[in-house]
Amino acid sequence: MEKDPSIYAEAPGSLTEQSPRDQRLTGHSDPTGKIQVIGDIFQFTVDVSEFSPEDVIITSSNNLIEVHAEKLGEDGNVTNTFSHQCKLPADVDPISIKMTMDGCGVLTVRAHRM
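Heads up: the sequence shown begins at 10 in the working numbering, then just goes up one per residue.
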């Protein structure tokens, strides 16, 4: 079976190809996030509930989304950190990227595939 190289699921430290039959609704979870391709939508969710929204920094560059969070204690020392990266498939429209955080602290990044 021929594989579509533009559809990827994330695994810690590597990217794994998914077959075209998995394109309609696919997902992959690891301890820090979940990636799904639902039709023409690429969606990445990550739990940052241990951090206040103002402690979470999200950057995007060259089809790479990076989520960083840092929690400071009352004494000013760092008490907790979080860092996660998600490589967007090459067929994602970077202009369409939208990010939301729900009341439970789950950050969702969505983008349309071209």
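The beta carbon of each residue, even a glycine, is placed where N, CA and C say it ideally should be.
- About 6 Å separates the Cβ atoms of Val118 and Ile74, confirming a contact at the 8 Å cut-off.
- Counted as a single uninterrupted DSSP element, the beta strand (DSSP E) harbouring Val87 occupies residues 87-96.
- Ranked by Cα distance from Ser105, the first of Ile44, Ile50, Val57, Val55 is Ile50.
- If you check the CB distance, Asn71 and Val101 do not come in under 8 Å.
- Leu116 sits away from Val87, with the two beta carbons spaced by 8 Å or more.
- In the DSSP assignment, Phe60 falls outside any beta strand (DSSP E) and carries neither an H nor an E.
- Only exposed fits Gly82, as fewer than 16 other CB atoms lie within 10 angstroms of its CB.
- Distance between Val55 and Asp84, taken at the CA atoms: about 28 Å.
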